[in-house]
Structures are given as structure tokens and as C-alpha cells.
Amino acid sequence: MAATNIVSRDPDIFGGTPIFTGTRVPIAVLFENLADGLTLDEILDSYPTLTRKQALEALYQAETLLELEKAAKVRNQRGGSLKVLPRDGSQTGL
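The structure is reproduced here in C-alpha cells:
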């Protein structure tokens with residue numbers, strides 16, 4: 028599954044709230060349940076249409092966005108450029 032395909036918005040489903048593609052599960056459900064202390068397995072048991080792969084990809088994307096925001100703040104404070112490494116950890120920047 029391509030990373031860009033895990034989130035869908037449809038005005039006819041929850042008024043356009045971002046959901047996991049192919050489900051009626053809002054993305055926020057994952058983060059709200061984790062914040063409430065549920066494990067990923069507990070969340071997946073409660074939402075059988077949500078796959079582990081979708082949940083992990085959403086968490087990875089959120090982590091990446093947070094890291095980019097942090098790096099941008101540091102870059103702005105120090106000056107310089109931001110190098111983004113690919114997901115596989117290789118040293119080829121984008």
C-alpha cells in the first residue's frame with residue numbers, strides 16, 4: 028500500500044473527516060485511543076476493518092512529520108539546509 032493511499036476524505040463519510048482508506052475508521056481514532064493508553068492490538072481488535080499495516084503507516088507518517096517540523100525549527104534557528112533521508116535509512120537524500 029502506498030503511503031499516500033492510507034488516508035481518504037469523502038464528504039459523504041463523516042462529513043469529510045479523514046479516514047483510513049477502505050474503512051469508516053477516522054484517523055483520529057488511532058491517536059485518541061493510543062493517547063488513552065490502549066495498545067495497538069486492542070485498537071485493532073476494536074476496529075477489525077483497520078489493518079496493522081495501515082495503523083503502522085499512519086504512525087510512521089506522523090513521526091516523520093514531527094521529525095521534519097523539529098528539524099525545520101532547528102534549521103531556522105541555526106540556518107542551513109534540511110536533508111531528508113529515505114525511509115530505508117540509506118544516505119541518498121531527496
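Note that this note's numbering has the sequence shown beginning at 28, numbered continuously upward. Beta carbons: idealized from backbone N, C-alpha and C, even for Gly. As the structure is a computational prediction, the values presented were derived from the model and not from experiment.
Practice task
Within the same chain, show all residues whose beta-carbon is closer than 8 Å to that of Glu59, passing over the 5 residues directly before and after it, in chain order.
Solution key: Nothing listed; no residue qualifies.
Exercise for the section: In angstroms with no decimal places, state the Cα-to-Cα distance between Val56 and Arg102. Expected result: Straight through space, the alpha carbons of Arg102 and Val56 are spaced by roughly 33 Å.
Exercise for the section: Inspect the CB distances between the region 41-53 and the region 70-89 and report whether three or more fall short of 8 Å. Expected result: Of all C-beta pairs linking the region 41-53 to the region 70-89, three or more are shorter than 8 Å, placing the two stretches in contact.
Problem - Own chain, CB closer than 8 Å to Ile46, minus 5 neighbours either side, in chain order - result: Non-local beta-carbon contacts of Ile46 in its own chain, meaning distances under 8 Å to residues more than five positions away in sequence, involve Val34, Ser35, Arg36, Asp37, Ile40, Val52, Pro53 and Ile54 in chain order.
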